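Notes follow the structure.
Residue numbers (our numbering), protein chains in the order written: chain A, 143 to 256; chain B, 2 to 110.
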């Protein structure tokens with residue numbers, strides 16, 4: 143079975159541009175969460191979606207947005223990119239997104255803003 | 002939200018048990034403790050989780066103190082491939098993972 147897939151694996155953007163990152167959860171998983179990991183730090187929670195509804199949001203500016211599609215895949219959008227947005231962006235999927243079930247992470251998208 | 006405290010780094014000899022401590026003194030009664038590890042900035046890999054009781058699986062054992070304020074992850078026979086950053090995570094009932102800084106474990110020959 144395929145795990146959590148994220149695309150692209152790497153990309154470079156210029157300050158002020160917009161970027162869209164994509165995530166496909168494990169088959170049967172209905173929840174997707176997004177995390178930002180700056181170099182040398184632990185991942186920070188950005189969003190959680192379940193059944194296309196936003197269930198949780200972390201302490202990130204409104205430049206960050208996300209959505210979940212009927213097939214449970216998800217996109218993370220970041221507008222007006224700043225140098226500080228350079229990070230590894232991780233997607234995690236779970237059956238329900240609640241604590242009783244495990245979370246499986248993808249390999250991430252490495253975003254570099256120049 | 003509860004937070005976790007872990008040592009920044011630890012060394013372990015290959016073949017010996019690696020014991021990684023974690024403090025989560027502000028954990029709530031319905032919050033779980035999960036352990037993940039991350040190798041070379043890949044996605045974090047699930048190891049084990051628990052609520053109150055000790056747990057064991059094919060990868061590791063998790064010992065949770067009776068007051069739930071701390072826990073220890075045990076890798077019974079560490080190998081070089083276990084070198085990674087290990088995260089002790091408290092998960093809220095709603096499923097939000099709160100990562101700390103993690104422990105960088107170096108397994109040495």
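Cβ coordinates follow ideal geometry from the N, Cα and C atoms, glycine included.
These numbers were taken from a predicted model, which means no experiment stands behind them.
Apply the 10 Å Cβ neighbour rule to residue 32 (chain B) and answer buried if 16 or more other Cβ atoms are within range, or exposed otherwise. buried
Can you confirm whether the segment 224-238 of chain A touches the segment 159-172 of chain A when touching is taken to mean that 3 or more C-beta pairs between the two stretches lie within less than 8 Å? yes
Who are the Cβ neighbours of residue 247 (chain A) in its own chain at under 6 Å, not counting the five residues just before and after it? 232, 234
Residue 39 (chain B) beta carbon less than 8 Å from that of residue 85 (chain B): yes
Please list, in chain order, all residues of the same chain as residue 71 (chain B) whose beta carbon is under 6 Å from its beta carbon, the five residues on each side excluded. 24
Is it buried or exposed for residue 188 (chain A), if we count other Cβ within 10 angstroms and need 16 for buried? buried
Could you tell me whether any Cβ in chain B is nearer than 8 Å to the Cβ of residue 235 (chain A)? no
Just how far apart, CA to CA, sit residue 194 (chain A) and residue 94 (chain B)? 19 Å
Check this for me: beta carbons of residue 106 (chain B) and residue 87 (chain B), under 8 Å apart or not? yes
Pop quiz: residue 47 (chain B) and residue 90 (chain B) are said to be a contact at Cβ under 8 Å. What is the actual Cβ separation, rounded to whole angstroms? The Cβ separation is near 10 Å, so there is no contact.
Can you pull the chain B neighbours of residue 167 (chain A), defined as C-beta to C-beta under 9 Å? Residues of chain B passing the Cβ test: none, with the nearest at roughly 13 Å.
Do residue 102 (chain B) and residue 183 (chain A) have their C-beta atoms within less than 8 Å of each other? yes
What does the Cβ neighbour count give for residue 211 (chain A), buried or exposed, with the cut at 16 atoms within 10 Å? exposed
Would residue 81 (chain B) pass as a contact of residue 110 (chain B) if the rule is Cβ separation under 8 Å? yes
Which chain A residues are close to residue 51 (chain B), counting only those with a beta carbon under 7 Å from its beta carbon? The contacting residues do not exist; residue 51 (chain B) stays about 11 Å from chain A at best.
Kindly examine the ligand MG and report whether one of its heavy atoms sits closer than 7 Å to the Cβ of residue 108 (chain B). Because no ligand of any kind appears in the structure shown, any question about the ligand MG cannot be addressed here.
Which of the residues in the segment 93-104 of chain B, read from start to end, lie with their CB under 9 Å from any CB of chain A? 93, 94, 95, 96, 97, 98, 99, 100, 101, 102, 103
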